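Numbering (the working numbering), first residue to last: 1498 to 1882. Step one of this worksheet: look at the structure below.
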């Protein structure tokens, strides 16, 4: 069935947020231009302080991207050659590439089938195997805006003497038992890529930590290993946050609690619409499986992700109806060509592999309207009719 004259619903519409903040953002960009402080200027310091307060940590270090933030968190914690880091195969490529860039070895463990986050049970099994003998850290990803099971990971940290580094790229404002993402682990990495809940107007990232030593090391590493200008104590990187991005982020940070609450409201409305349409089921063989939120988690719904029968056909149908959707992620990391040297094969992580064939992200942003959500669900209903 095809809907006549479908109303286009974009996956994301940057213009809506910008139009509501236009003058405030333009004013802050002009202030940076007038100040002539473009790299690591006072705007960066101001944003770092505000972000630290938001994440309930003493230290926040701005950097050039979320990818750099993961590497910086690992390197500043002295994770490197000879160390292994356990993480998930169901994430963006940067999660594993940053481990390799730090000189460590990625070890993968499968995900939880309901939240798509790294499974603590799978991690524990790996730690107890011979492959787990050199593990220095675990890097869980707070996927789609929901924190990983930090109760279980904290227990593993204590029993195995591990570092816990959060890949919180999708989870600024999320919580676990009331504790913000960014304050859960030894360090955390955030991305402010333009699609994120807290978004820059370009690339930007942040490391948070409760450790003064990690904070100090990260600040040196992000600036070519310099403590004093032109005196390089170690090999670092050029990963400095520019002042325009920091200034824009500080403006947006003030609105983020409201925006995240709107996302939660949209997620609840999607749930209600799907149930009203009698599309939902407990397994993907029987119908659409809705996102599941752990009661301990404060989900910020960076993405609203369903599991859908005939997912690829559904996505093509939605595109024909001018409705946006996206697959996060179509190829698990252990099956990426560039990571073949890690030695994993098809079948090693069946839950991740199944998810890659079933997940579909639907339009989700604070400015999304209820009539647009109705259009999305009507189209999905028509597809399965």
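All C-beta atoms, glycine included, are put in the ideal place defined by N, C-alpha and C. It should be emphasised that the depicted structure is a prediction, and the values quoted were computed from it without experimental measurement.
**Report entry** For residue 1588 and residue 1640, believed in contact at Cβ under 8 Å, the rounded distance
**Finding:** 7 Å
Query - Collapsed DSSP secondary structure at residue 1644 in the structure displayed - result: coil
Query - When 1752, 1864, 1808, 1706 are compared against residue 1545, the one with the closest alpha-carbon - result: 1706
Query raised in the report: On the premise that residue 1684 lies in contact with residue 1573, defined as a C-beta separation below 8 Å, what is that separation, rounded to the nearest angstrom?
Result: 7 Å
Query raised in the report: Span of the beta strand (DSSP E) holding residue 1862?
Result: First-last for residue 1862: undefined, no H or E at that position.
Query raised in the report: If you draw a straight line from the alpha carbon of residue 1827 to that of residue 1551, how long is it in whole angstroms?
Result: 33 Å
Query raised in the report: Which two residues bound the contiguous beta strand (DSSP E) that contains residue 1688?
Result: 1684–1688
Query - Per-residue DSSP class, three states only, for residue 1534 - result: coil
Query raised in the report: So, helix, strand or coil for residue 1741, using DSSP?
Result: helix
Query raised in the report: Using CA coordinates, which residue listed in 1749, 1658, 1814 is at the minimum distance from residue 1634?
Result: 1658
**Report entry** Three or more C-beta pairs below 8 Å linking the segment 1740–1756 and the segment 1521–1533
**Finding:** yes
Query raised in the report: Could you give the residue range of the alpha helix (DSSP H) that holds residue 1814?
Result: 1808–1817
Query raised in the report: If you count every other CB in all the chains shown that lies within 10 Å of the CB of residue 1652, and 16 or more means buried, which is it?
Result: exposed
Query raised in the report: Which residues in the same chain have their Cβ closer than 6 Å to the Cβ of residue 1560, if we skip the five residues on either side of it in sequence?
Result: 1566, 1569, 1702, 1719, 1736, 1738
**Report entry** Secondary structure, beta strand (DSSP E): runs of 3+ residues fully inside the segment 1737–1808
**Finding:** 1801–1804
Report task. Quick one: residues in its chain with C-beta nearer than 7 Å to the C-beta of residue 1790, no 5 flanking neighbours on either side, listed in chain order? Result -> 1643, 1796
Query - Option in 1647, 1824, 1814, 1771 with minimal Cα separation from residue 1616 - result: 1647
Query raised in the report: Could you give the residue range of the alpha helix (DSSP H) that holds residue 1597?
Result: 1591–1598
Requested in this report: Give the single residue among 1726, 1686, 1811, 1846 whose Cα lies nearest to the Cα of residue 1874.
Outcome: 1811
Query raised in the report: Taking the beta strand (DSSP E) that residue 1731 falls in, what are its first and last residues?
Result: First-last for residue 1731: undefined, no H or E at that position.
Requested in this report: Tell me, please, which residues DSSP counts as bridged to residue 1583.
Outcome: 1604, 1635
Query raised in the report: Which residues does DSSP pair with residue 1663 in a beta bridge?
Result: 1685
Query raised in the report: Relative to the C-alpha of residue 1664, which residue among 1656, 1687, 1621 is closest?
Result: 1687
Query raised in the report: Along the chain, where does the beta strand (DSSP E) that runs through residue 1828 open and close?
Result: Element bounds for residue 1828: n/a, residue is neither H nor E.
Report task. Compare the beta carbon distance of residue 1514 and residue 1841 with 9 Å and say whether it is the shorter of the two. Result -> no
Report task. In the DSSP assignment, find the unbroken beta strand (DSSP E) run with residue 1576 in it and report its ends. Result -> Counting along the chain, residue 1576 falls outside any beta strand (DSSP E), and DSSP gives it neither H nor E.
Requested in this report: Check whether the Cβ of residue 1711 sits closer than 8 Å to any heavy atom of the ligand NAD, and report yes or no.
Outcome: The ligand NAD is absent from the structure shown, which contains no ligands of any kind.
Query raised in the report: Can residue 1767 and residue 1859 be called in contact, C-beta distance under 9 Å?
Result: yes
Query - For residue 1758, the nearest candidate out of 1798, 1776, 1777, 1726 (CA to CA) - result: 1798
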